[in-house]
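Colleague:
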Amino acid sequence: MKKILANACAVAALALISAPAYAVSPAAQATATAKIYRPLTISLVQNLDFGTIVLSGAGAWSGEVVSMSQAGAVTCGGGTNLTCSGTPQAAQYKLVGTNNAIVTISSPGFNLTGPGTLAFTPNAPATVNLGASGATTGVVFDIGGSITLASTTPDGVYSGTFNVTANYQ
Amino acid sequence: MSGAVSARLSAALALCAMSEAAAAVTPQQQATAGATIIHPLTVTKIQDMDFGELSVGVAGTAVLEPNANSLTTTGGVASIGGSPTCAEFVGAAQSNSVVNIKIPNGSVTLTRVGGTETMTVSNFTLQGQSKRALARAQSFTFRVGGTLNVAAGQVEGLYVGTFDVTVQYP
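Line by line, the protein sequences are chains A and B. Take the first sequence: its position 28, counting from 1, is numbered 28 in our numbering, and each next residue is one higher. Add 1000 to a position in the second sequence, counting from 1, and you land on the number used in our numbering.
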């Protein structure tokens, strides 16, 4: 009896050693996944324009903020010192990439220069969903922003250039 | 065994695709942000007058028309490029008022850069009415056109001159 048991052990040990020679399946299979993205492209659609702003307030004043929403609506300071006119419009860029992908937008601030210098703070969406037709027609998104004016701001034509980048989230 | 190899290969491919997608993209051309800012009772130039690039055989003229902001040519002058445009100005009233815009009556001389040859611009024209009724703090823009007189065999080069416009505020 004792001898048989010993033999059995030997057989079992043999079985263990030879085990790597057989294909074995783990209890849970690893999965290999890959999400393939189309190359993302971004292109200019239209420039931002605040229109014409008349510094109409009397005396000395400062800190009047002209802001444009992403929809292109202009808030013309506090209402007493500035008069805005013209046909303002927000900047627009077009993204083309993978359908329904989320794209992060970066748009750092910059200066508008002309007869003077005006700091411009962009108002851009943090992320854009490319949606169902992101690979074909793409998605257009808008960027507004704001500048701050004073009675001493030199008059003239101001312009600056965005530095927009986009990336898959 | 061959199945295992192909699986590794596809994983490597996926990794490549992922890392490419991770690079941030920038547009070929960035947008600009612009604003026109004006104090009341002033006039500010938005745009210089530019007849673009012209060729000349016999004498002729190039005419900038301010309402359509368009260039036409006569005689031996032909437009061959550039971005021809009328001059443009902006002003603003302080109170309800009628302002009077004055453009040059006579002609203005353009001189060749680096030379002494000249041409003239005459028959200055104004977009819209010279008298404008304005509300308080209302801004107004206007374009100014004119006729460039080019002689036969006009020496090639860049010609530049200046002219004044005046806005009378009451």
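Glycine residues also receive a C-beta, built at the ideal position from the N, C-alpha and C atoms. Every value quoted in this text rests on a predicted model; they were computed, and no experiment measured them.
Quick one: Cα of S85 (chain A) to Cα of V128 (chain A), how far?
Modeller: Walking along the first sequence from the start, residue 85 (chain A) turns up at place 85. Walking along the first sequence from the start, residue 128 (chain A) turns up at place 128. Roughly 30 Å between the two C-alpha positions.
Colleague: Where does Q169 (chain A) sit, in a helix, a strand or coil, going by DSSP?
Modeller: Indexing the first sequence from 1 puts residue 169 (chain A) at position 169. Q169 (chain A) falls in the coil class under three-state DSSP.
Colleague: Does the beta carbon of T148 (chain A) come closer than 7 Å to any beta carbon on chain B?
Modeller: As a working mapping, residue 148 (chain A) is identified with position 148 in the first sequence. Not a single C-beta of chain B is nearer than 7 Å to the C-beta of T148 (chain A).
Colleague: Output yes if chain A places a C-beta closer than 7 Å to the C-beta of V1043 (chain B); else output no.
Modeller: Counting from 1 along the second sequence, the entry for residue 1043 (chain B) is found at position 43. No, V1043 (chain B) does not count as interfacial toward chain A.
Colleague: Using a beta-carbon distance cut-off of less than 9 Å, what residues from the stretch 24-55 of chain A approach chain B?
Modeller: A32, T33, A34, K35, I36, Y37, R38, P39, L40, T41, I42, S43, L44, V45, Q46, N47, L48, D49, F50, G51, T52, I53, V54 and L55
Colleague: Determine the extent of the beta strand (DSSP E) in which T1116 (chain B) is found, giving its start and end residues.
Modeller: Within the second sequence, residue 1116 (chain B) is the residue found at index 116, counting from 1. No beta strand (DSSP E) holds T1116 (chain B); DSSP gives it neither H nor E.
Colleague: Do the CB positions of I42 (chain A) and V1099 (chain B) come within less than 7 Å of each other?
Modeller: Taking the first residue of the first sequence as 1, we reach residue 42 (chain A) at position 42. Taking the first residue of the second sequence as 1, we reach residue 1099 (chain B) at position 99. No.
Colleague: Considering only C-alpha positions, which residue in the set A:G131, A:N167 and A:P108 is nearest to G160 (chain A)?
Modeller: One-based indexing of the first sequence puts residue 160 (chain A) at position 160. The candidate whose alpha carbon is nearest that of G160 (chain A) is A:P108.
Colleague: Check the Cβ-Cβ distances between G156 (chain A) and every residue of chain B, and say whether any is below 7 Å.
Modeller: Along the first sequence, one-based indexing puts residue 156 (chain A) at 156. Yes, contact with chain B.
Colleague: Suppose contacts are defined by Cβ-Cβ distances below 7 Å. Is G1060 (chain B) in contact with G1075 (chain B) by that definition?
Modeller: Residue numbering aside, residue 1060 (chain B) sits at position 60 when the second sequence is read from its first letter. Residue numbering aside, residue 1075 (chain B) sits at position 75 when the second sequence is read from its first letter. Cβ atoms of G1060 (chain B) and G1075 (chain B): closer than 7 Å.
Colleague: Indicate whether at least one CB of chain A lies closer than 7 Å to the CB of P960 (chain B).
Modeller: Residue numbering for chain B in the displayed model covers 1001 to 1170; residue 960 (chain B) lies beyond these limits and cannot be assessed.
Colleague: Chain A partners of I1038 (chain B), CB-CB under 9 Å?
Modeller: Mapped onto the second sequence, residue 1038 (chain B) falls at position 38. Simply T52, I53, V54, L55, D155 and G156.
Colleague: A1087 (chain B) CB to nearest chain A CB: under 7 Å?
Modeller: Locating residue 1087 (chain B) in the second sequence gives position 87, counting from the first residue. With 7 Å as the cut-off, A1087 (chain B) does not count as an interface residue toward chain A.
Colleague: Using a Cβ-Cβ cut-off of 6 Å (strictly less than) and excluding sequence neighbours within five positions of R1132 (chain B), which residues of its own chain qualify?
Modeller: For the purposes of this step, residue 1132 (chain B) is identified with residue 132 of the second sequence, where counting begins at 1. Cβ within range, chain order: V1099 and F1140.
Colleague: For D1048 (chain B), count neighbouring C-beta atoms within 10 Å of its own C-beta (all shown protein chains included) and say buried if the count is 16 or more, exposed if not.
Modeller: Looking up residue 1048 (chain B) in the second sequence gives position 48. Classified as exposed, D1048 (chain B) has fewer than 16 neighbouring CB atoms from the shown chains inside 10 Å of its CB.
Colleague: Give a yes or no on whether 7 Å exceeds the smallest Cβ distance from Q1030 (chain B) to chain A.
Modeller: Stepping through the second sequence from its first residue, residue 1030 (chain B) is reached at position 30. So, interface residue.
Colleague: Looking at the C-beta of I4 (chain A), does it have a partner C-beta in chain B at a distance below 7 Å?
Modeller: If you number the first sequence from 1, residue 4 (chain A) lands on position 4. Caution is warranted here: a pLDDT of 43 is assigned to I4 (chain A), below 50, making its placement in the model unreliable, and no coordinate value can be reported.
Colleague: Applying the 10 Å Cβ sphere with the 16-neighbour rule, what's the burial state of D1164 (chain B)?
Modeller: Along the second sequence, read from residue 1 onward, the residue named residue 1164 (chain B) stands at position 164. With fewer than 16 other Cβ atoms within 10 Å, it is exposed.
Colleague: Nearest by alpha-carbon distance to V157 (chain A): which of B:V1043, B:P1027 and B:Q1030 is it?
Modeller: Numbered from its first residue, the first sequence carries residue 157 (chain A) at position 157. If we check each option's Cα against that of V157 (chain A), B:V1043 comes out closest.
Colleague: Could you please tell me which residues of the stretch 104-135 of chain A, in chain order, have their CB closer than 9 Å to any CB of chain B?
Modeller: T104, S106, F110, L112, G114, P115, G116, L118, F120 and P122
Colleague: Which chain B residues are close to T87 (chain A), counting only those with a beta carbon under 9 Å from its beta carbon?
Modeller: Here the question's residue 87 (chain A) lines up with position 87 in the first sequence. Within chain B, no residue comes near T87 (chain A); the closest Cβ sits about 12 Å away, beyond 9 Å.
Colleague: Can you confirm whether S1095 (chain B), when its beta carbon is compared against all beta carbons of chain A, has any partner nearer than 7 Å?
Modeller: Numbered from its first residue, the second sequence carries residue 1095 (chain B) at position 95. It does not: the Cβ of S1095 (chain B) has no partner Cβ on chain A nearer than 7 Å.
Colleague: In the DSSP assignment, what residue or residues form a beta bridge with V171 (chain A)?
Modeller: Look at the range of chain A in this structure, 1 to 169, and you will see that residue 171 (chain A) is not part of it.
Colleague: Chain A beta carbons: is any one of them nearer than 7 Å to that of S1083 (chain B)?
Modeller: Numbered from its first residue, the second sequence carries residue 1083 (chain B) at position 83. It does not; no Cβ of chain A falls within 7 Å.
Colleague: First and last residue of the beta strand (DSSP E) that includes F1140 (chain B)?
Modeller: Taking the second sequence and counting its residues from 1, the one referred to as residue 1140 (chain B) is at position 140. Note, F1140 (chain B): beta strand (DSSP E), S1139 to V1150.
Colleague: Could you pull out every residue in the same chain whose Cβ sits closer than 6 Å to the Cβ of S56 (chain A), ignoring the five residues on either side in sequence?
Modeller: The sequence position of residue 56 (chain A) within the first sequence is 56, counting from 1. Taken in chain order, the residues that qualify are T83.
Colleague: Give a yes or no on whether the minimum CB-CB distance between T161 (chain A) and chain B is below 7 Å.
Modeller: The residue given as residue 161 (chain A) occupies position 161 in the first sequence. Yes, contact with chain B.
Colleague: Specify whether the stretch 1055-1070 of chain B and the stretch 1146-1154 of chain B touch according to this definition: at least 3 beta carbon pairs, one from each stretch, less than 8 Å apart.
Modeller: yes
Colleague: Quick check: is the beta carbon of I1046 (chain B) nearer than 7 Å to any beta carbon in chain A?
Modeller: The residue labelled residue 1046 (chain B) in the question sits at position 46 within the second sequence. For I1046 (chain B), the answer is yes, since a Cβ of chain A falls inside 7 Å of its Cβ.
Colleague: Is it the case that the Cβ atoms of D142 (chain A) and Q70 (chain A) are separated by a distance below 7 Å?
Modeller: Here the question's residue 142 (chain A) lines up with position 142 in the first sequence. Here the question's residue 70 (chain A) lines up with position 70 in the first sequence. In this structure, Q70 (chain A) lies closer than 7 Å to D142 (chain A) by Cβ.
Colleague: If we count the other Cβ atoms within 10 Å of its Cβ and call it buried at 16 or more, is V140 (chain A) buried or exposed?
Modeller: The sequence position of residue 140 (chain A) within the first sequence is 140, counting from 1. Exposed, by the Cβ-count rule.
Colleague: So, for G1106 (chain B): in the same chain, excluding its five sequence neighbours on each side, which residues have a beta-carbon less than 8 Å away from its beta-carbon?
Modeller: Here the question's residue 1106 (chain B) lines up with position 106 in the second sequence. For G1106 (chain B), where only same-chain residues beyond five positions count, the Cβ hits under 8 Å are S1122.
Colleague: Tell me Y158 (chain A)'s beta-bridge partners as DSSP assigns them.
Modeller: Position 158 of the first sequence, counted from the first residue, corresponds to residue 158 (chain A). For Y158 (chain A), which the question treats as bridged, DSSP gives the partners B:A1035.
Colleague: Go through its chain and collect everything with a Cβ distance to L16 (chain A)'s Cβ below 6 Å, but skip five positions before and after it.
Modeller: As a first step, residue 16 (chain A) must be located in the first sequence, where it is residue number 16. Confidence at L16 (chain A) is low in this model, with a pLDDT of 44, below 50, so its placement is unreliable and no value can be given for it.
Colleague: What residues of chain B sit near G145 (chain A), judged by a beta carbon separation below 9 Å?
Modeller: Translated into the one-based positions of the first sequence, residue 145 (chain A) becomes position 145. By Cβ distance, chain B contributes A1033.
Colleague: Would T31 (chain A) and S106 (chain A) be called neighbours here (beta carbons separated by less than 7 Å)?
Modeller: As a first step, residue 31 (chain A) must be located in the first sequence, where it is residue number 31. As a first step, residue 106 (chain A) must be located in the first sequence, where it is residue number 106. Not a contact, by the Cβ cut-off of 7 Å.
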